[in-house]
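Here is the structure we will look at, set down as structure tokens.
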Amino acid sequence: MNDSRLLPSSGQPPTSCSRVDCDACDVRALTFCGDLGHDAMSAVASIVSRIEVPAHALLAEEGERSPYVYNVTAGTAKLYKSLPDGRTQVLGFLLPGDFLGLGDDRLGGLAAESLTRVSVCRFRRRDFETLQERIPVLGRRLLSLAQDEIARSREQMLLLGRKSARERLASFLLGLYDRLEARGEANDPLPLPMTRTDIGDYLGLTIETVSRTLAAFKRDGIISLDGVHAVRLLDPERMRSLATGDEADRMAAC
């Protein structure tokens, strides 16, 4: 991988690479370095560079070996896997604070593509692993982040295995809102930089089902749509009931 950029798609402008002022980082408190003291932060700053990636650029190719670990600090990217016949499956979305390539030099065998302009902190893998050995609190924080990711994966398995289309979409919108809220970025309206196709791939639904379900949520006064890429949660409590199946239980009892 070129040291000055990630892997922008064909025709994309080159990304920029710069040094990082960790003290000015907007998401420092929410990512792995939030619990680090001054000396530890100085050590982190000595091995990190900031990469700026344009929207719709390829951050990582499937199965490639990368000497780097990346921590997203701004923007949104999608993770996906391709099948031999050309079909793809969206497996997740990276938000500020999320890692790419942690513990796996093949980046989990997934491809990653920026949906918006994305900023990442880039660490050379061997330097990052050495830093974990030197700073125990860093290792503990990374373990906590990994556990959060496992918990999200289990929720996704439940969603795909047991939930209806309405429950899946409600869970997705609330999950996105909760993740952004934890990062101080849960704006009103809630940004949806991913396409309806991406949402459908992630939730195991067709694009038509995603569109119909969003329209039903709007008709029922649960959300309003601000164009294609933003939504307002007008009735968060009802949305949460939908996501957990409580509303379906109440309707069945009537």
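Residues 1 to 254, numbered by the UniProt record's numbering, are exactly what the sequence shown covers, in order.
Yeah, the Cβ is synthetic: ideal placement off N, Cα and C, and Gly gets one too.
Note that this is a predicted model, so its numbers are computed, not measured.
_Taking contact to mean 3 or more Cβ pairs, one atom from each stretch, closer than 8 Å, check whether the stretch 99 to 107 and the stretch 160 to 174 are in contact._
In short, these stretches do not touch, since the Cβ pair count stays below three.
*Can you say whether isoleucine 51 is buried or exposed, counting buried as having 16 or more other CB atoms within 10 angstroms of its CB?*
Looking at its Cβ environment, which holds 16 or more other Cβ atoms inside 10 Å, isoleucine 51 is buried.
_So for threonine 73, helix, strand or coil by DSSP?_
In the three-state reduction of the DSSP assignment, threonine 73 falls in the strand class.
*Grab me the residues of glycine 101's own chain with a C-beta within less than 7 Å of its C-beta, minus the 5 sequence neighbours each way, in chain order.*
So the qualifying residues of the chain are Ser66, Tyr68, Val69, Tyr70, Leu107.
_Nearest by alpha-carbon distance to arginine 196: which of Arg141, Leu115, Pro136, Cys121 is it?_
Distance check between arginine 196 and each of Arg141, Leu115, Pro136, Cys121 places Leu115 closest, using alpha-carbon atoms only.
*asked:* Is it the case that the stretch 122 to 139 contacts the stretch 87 to 95, given that we only count it when at least three CB pairs across the two stretches are under 8 Å?
replied: The stretch 87 to 95 vs the stretch 122 to 139: no contact.
*Run the CB neighbour count on leucine 7, radius 10 Å, all protein chains shown included, and call it buried at 16 or more, exposed below.*
Only weak support exists for where leucine 7 lies, its pLDDT of 48 falling under 50; the value from the coordinates is given anyway. With 16 or more Cβ atoms within 10 Å of its Cβ, leucine 7 is classed as buried.
_Close-in-space but distant-in-sequence residues of the same chain around leucine 234 (CB under 8 Å, 5 per side omitted)_ = The residues are Gly221, Ile222, Ile223, Ser224.
*Between which two residues does the beta strand (DSSP E) harbouring arginine 50 extend?*
Note, arginine 50: beta strand (DSSP E), 48 to 53.
_Taking the alpha-carbon of glycine 97 as reference, which of Ser119, Met157, Leu214, Leu192 has the nearest alpha-carbon?_
Minimum Cα-Cα distance from glycine 97 among the listed residues Ser119, Met157, Leu214, Leu192 corresponds to Ser119.
*For isoleucine 150: DSSP bridge partner residues*: According to DSSP, which records beta bridges pairwise, isoleucine 150 is partnered with nothing at all.
*asked:* Suppose contacts are defined by Cβ-Cβ distances below 8 Å. Is alanine 24 in contact with arginine 117 by that definition?
replied: At least 8 Å separates the beta-carbon of alanine 24 from that of arginine 117.
*Where does glutamate 61 fall in DSSP's three states?*
Judged by DSSP in its simplified three-state form, glutamate 61 adopts coil rather than helix or strand.
*Exposed or buried, which one is glutamate 113 when buried takes at least 16 other CB atoms within 10 Å?*
By the 10 Å Cβ count, glutamate 113 comes out buried.
*Hey, alanine 230 and leucine 180: beta-carbon distance below 8 Å or not?*
No, they are not a contact pair.
*threonine 76 beta carbon less than 8 Å from that of phenylalanine 93*: Contact check for phenylalanine 93 against threonine 76 passes: the beta carbons are separated by less than 8 Å.
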